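Asker: Protein chains in written order, with our numbering: chain A, 40 to 408; chain B, 47 to 369.
Below you'll find the structure I mean.
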Amino acid sequence: MIRFERRLRQPGWLSVAVPVGSVIVAFGLMTLVLLATGHSPGHTFSRLLDTGFGSKVAINETFVSATPLLFTGLCAAVAFRMQLFNIGGEGQLYAGAILGAAAGIALGNHSGWLSVPAMIVAGAVGGAALALVPAILRAFLSTNEIITSLMLNYVAALVINYLIFDSQSYWRDTSSPTAKVFPQGKNLPEAANWPLAHVGGLYLPFGLLLGVVLAAVIWVLYTRTRFGFEVQVIGDSPRAATYAGMRTRRKILAVMALSGAVAGIGGASQDGDFRHTLDPRGLTAAGYGYAGIVIAALGRYNPFAVCLIAFLLGGLQNAGFALQGVDFPSGLVGVMQGLILFCALGGELLVRYRVRLGSRGAQRAEATA
Amino acid sequence: MLVAAGGINNAVLVVVLASAVVYGTPLLYAALGELLAERAGVLNLGVEGMMLVGAVMGFWAVQRTGSLLLAIGVAAVAGGAMALIHAFLVVTLRANQIVSGLALTIFAGAAGLSSYLGNDLNLADQPAKHAFSPFLPRSWRTADVVGPVLLNQSALVYASWVCVALVAVYLSRTRPGLNLRAVGESPAAADAMGINVVAYRYVHTVVGGAFAGVGGACFSLAITPQWVDGLTSGAGWIAIALVIFAFWRPTLCLVGAYFFGAFSGIPFTFQARGILSGVPPELFQSLPYVMTVVVLVLVSSAGARRRLGAPASLGTPYVREER
């Protein structure tokens, strides 16, 4: 018989060993899935590693995939830390992309010193505005934020489609000949393209660096300020927070706005760093927001862990897209992310509990002997 | 103006009502399943993923065997298998129910296992060999109003009514049903009464998953008989909202499912009829999602005080030594 005993003290080495162990178990389970569906696991894994991390070119591509995941991962981590389950990162990223692209188009004739910061601010405003809808409903009417934030993902996806495919909006390219046949967004002016850092053969997108800086800012905010302390207290024990006179409603609004703003900057980074246009197809097909939840949970809501895991899962996603084909079906990456998350969740048990084999009676007999 | 040339059965209202029943049926199955799990105290946010896996496996079964009944069985088993993962994580391993449910949706959902299986089994772009279709006598099906709305429906619709009745009777009139409610309200008290809390939670989570699988199969075997990635487009999430809207009561699920079903059907009906063709189609397509938010707001503001009907232990693991 297996029993679980609560640990009185959580040893430090477990918080490293358990995630690593979880990933190993997840790869084991993935092997079973691949074998069950008639694929060669060794071949699949080696191609995944090679395409994700095998060369400088691969790592550059992984940076591209990791950048939006870093933002959506931070978005989820910021909110989940207060037990505020914002799963609207997907929609908030679209909202940021919409406003970011508008700022880029409008200010593109000025220098990059003006248009790039303007795009960042516009993206943050877009994401925060969308996140405030579930926040206000949760704070004042105690409406479940999980479902409302998720529903807005679908609405935001419809809005972004409408702007490019079903209207003559400000974002849509109506002049070029190809745009008459295939609806597409206006190309952002040169000055609205975000810079690219070039270090020893590696290309670091500006958005990636910005995301790492944001992670540091969030870490300071959550561990070194009164605001962060209150957020953690509300997350761990809402009742204690109320008795201590903390303003829970304001915190809900502030944390959701921050969370949405981070995802929104991720959307602006999509415009400025990579796509250079408002691209509904590409954005809605990618599923960045949902992957962000996986990343935040794996990183146990720690911003620096989110950076690392965003890079690793970015590699996985990059390889998944690059290899997609007959012997590498789409959906494999989602299955792997899910398995890793399941294993990490199950592994949490080992951090909190000690597993004992043998029945209680047997142990009592041992103790008295 | 509402009554067009085809008689009353062609009137917009009747067509919308008929589509409400069609699109409400998958919501109803999924919501009944979620209701059973939540009554046991297990919140399962993986409904969307379980529905998609049910849809893809059901479609695979019908293509392979040609038997619709078998396909429904396969969909139920597939949905139940997905729910078993969640049950193991939250009941045995005491994981956070919200995160585990989200993980299940990511694992099984539109970009996960369901898409993987659909690709691997080459199901995309296959025309369905069989699909559920209306089977009652023609003269019944063409009767005024009730014909198109209630009688011109597939067996899945009538089976869903039976399920509502069964679940309602189960919860209020049978020993296991009452035990289930005890588990959901106070697992510690139920445990003291000698009820096996762990077994109840496992069984009802898995049965709930089976219901979700059947709900998904409603899409791939009846509504749009084919397989495409993300076929359910958020129906699983609407079903979760529906359980709250129905105050955890099966009969109210029926009403709510058709209410949301109407909003899911409106974009197709209006587009086919050219009604309000000046209005962008995205506006109608966003209706089910916006209405879900609106209804949740109405329900939560009315019931914020006492969370009407929510099982008291919903979302919390039961650990005997720590009660």
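Cβ atoms here follow ideal geometry from the backbone N, Cα and C, with glycine treated the same way.
These numbers come from a predicted model, not from an experiment.
1. Measuring alpha carbon to alpha carbon, tell me which of Pro107(A), Phe66(A), Thr83(A), Asn183(A) ends up nearest Gln122(A).
2. With a threshold of 8 Å on Cβ separation, who are the neighbours of Thr297(B) within its own chain once the five nearest residues in sequence on each side are excluded?
3. Counting C-beta neighbours from all protein chains within 10 Å, is the total for Trp210(A) 16 or more, i.e. buried, or is it exposed?
4. Using DSSP with H/G/I as helix, E/B as strand and the rest coil, what is Phe178(B)?
5. Quick check for students: name the residue ranges of the alpha helix (DSSP H) that lie wholly in the segment 222-276 of chain A, counting only runs of 4 or more.
6. Closer than 8 Å, CB to CB, is Met121(A) near chain B or not?
7. Could you list which residues in chain B have their beta carbon closer than 8 Å to that of Asn200(A), in chain order?
8. Within 8 Å (strictly less), CB to CB, does Asp205(A) reach chain B?
9. Could you check if Phe343(A) is buried or exposed, using at least 16 other CB atoms within 10 Å of its CB as the buried criterion?
10. By the DSSP assignment, the beta strand (DSSP E) with Phe134(B) in it spans what residues?
11. For Thr111(B) and Phe178(B), I'd like the C-alpha separation in whole angstroms.
12. Would you report the Cα separation of Phe35(A) and Val61(B), rounded to the nearest angstrom?
13. Can the beta-carbon of Leu267(B) be found less than 8 Å from the beta-carbon of Gly104(B)?
14. CB-CB under 7 Å to Val270(A), same chain, minus the five flanking residues each way: which ones, in chain order?
15. In chain order, which continuous runs of the alpha helix (DSSP H) of length 4 or greater are located wholly inside the segment 279-343 of chain A?
16. Quick check: Leu169(A) and Gly127(A), are their CB atoms within less than 8 Å of each other?
17. Check Tyr201(A) in the structure and name its three-state DSSP category.
18. Considering Leu167(B), what are the terminal residues of the beta strand (DSSP E) in which it resides?
19. If distances are taken between C-alpha atoms only, which option among Thr187(A), Phe43(A), Gly305(A) comes closest to Ile284(B)?
20. Can you give me the start and stop residues for the alpha helix (DSSP H) that Glu94(B) sits inside?
21. Nearest-angstrom Cα distance between Glu387(A) and Leu378(A)?
22. Mapping the DSSP letters down to three states, classify Arg351(B) as helix, strand or coil.
23. Counting contacts by CB-CB distance shorter than 8 Å, is Glu129(A) in contact with chain B?
24. Please classify Ser54(A) as buried or exposed, where buried requires at least 16 neighbouring CB atoms within 10 angstroms.
25. Taking all protein chains shown into account, do 16 or more other C-beta atoms lie within 10 angstroms of the C-beta of His237(A), making it buried, or fewer, making it exposed?
26. Identify, in the order they occur along the chain, each residue of the same chain with its Cβ nearer than 7 Å to the Cβ of Tyr133(A), setting aside the five sequence neighbours on each side.
27. Check this for me: beta carbons of Leu224(A) and Ala140(A), under 8 Å apart or not?
28. Which residue comes first and which comes last in the alpha helix (DSSP H) that contains Glu44(A)?
29. Could you say which of Ile304(A), Asp212(A), Phe204(A) lies nearest to Val252(A) if we only look at CA atoms?
30. Three or more C-beta pairs under 8 Å: does that hold for the segment 245-262 of chain B against the segment 117-124 of chain B?
31. Under 8 Å Cβ-Cβ, which residues of chain A neighbour Ile144(B)?
32. Going by the beta-carbon positions, is the gap between Gly135(A) and Gly112(A) smaller than 8 Å?
33. Kindly indicate the opening and closing residues of the alpha helix (DSSP H) around Thr243(B).
34. In whole angstroms, what is the alpha-carbon distance linking Arg314(A) and Ala149(B)?
35. Which two residues bound the contiguous beta strand (DSSP E) that contains Arg85(B)?
36. Just by C-beta distance, which residues in the segment 324-355 of chain A are closer than 7 Å to chain B?
Answerer: If we stick to the structure as given:
1. Asn183(A)
2. Val210, Ala214
3. Around the C-beta of Trp210(A), 16 or more other C-beta atoms lie within 10 Å, and the residue is accordingly described as buried.
4. coil
5. 245-263, 265-275
6. Met121(A) does not count as touching chain B.
7. Glu328
8. yes
9. exposed
10. It is not in any beta strand (DSSP E) - Phe134(B) carries neither H nor E in the DSSP assignment.
11. 15 Å
12. With chain A running from 40 to 408 in the structure shown, residue 35(A) is simply not present.
13. yes
14. Arg120, Met121, Tyr261, Lys290, Val294
15. 287-308, 319-325, 327-337
16. yes
17. Tyr201(A): helix per DSSP, three-state reduction.
18. That residue, Leu167(B), is in no beta strand (DSSP E); it is neither H nor E in DSSP.
19. Thr187(A)
20. 93-111
21. 14 Å
22. Caution is warranted here: a pLDDT of 48 is assigned to Arg351(B), below 50, making its placement in the model unreliable, and the coordinate value is therefore given only provisionally. Collapsing the DSSP output to three states places Arg351(B) in coil.
23. no
24. exposed
25. Counting Cβ neighbours within 10 Å, His237(A) comes out exposed, since fewer than 16 surround it.
26. Ala195, Ala196, Ile199, Gly306, Leu322
27. Residue identity check: residue 224(A) is Gly in the sequence provided, not Leu. Yes, Cβ-Cβ distance for Gly224(A) and Ala140(A) is below 8 Å.
28. Here Glu44(A) belongs to no alpha helix (DSSP H); instead the beta strand (DSSP E) covers 41-45.
29. Its Cα nearest to that of Val252(A), the residue Ile304(A) stands out among Ile304(A), Asp212(A), Phe204(A).
30. yes
31. Phe124, Ile185
32. no
33. In the sequence as presented, Thr is not what sits at residue 243(B); that position holds Val. 243-264 is the span of the alpha helix (DSSP H), which, as asked, contains Val243(B).
34. Cα to Cα, Arg314(A) sits roughly 29 Å from Ala149(B).
35. Run containing Arg85(B): none in the beta strand (DSSP E); it sits in the alpha helix (DSSP H), 58-85.
36. Gly326, Tyr329, Ile332, Val333, Ala336
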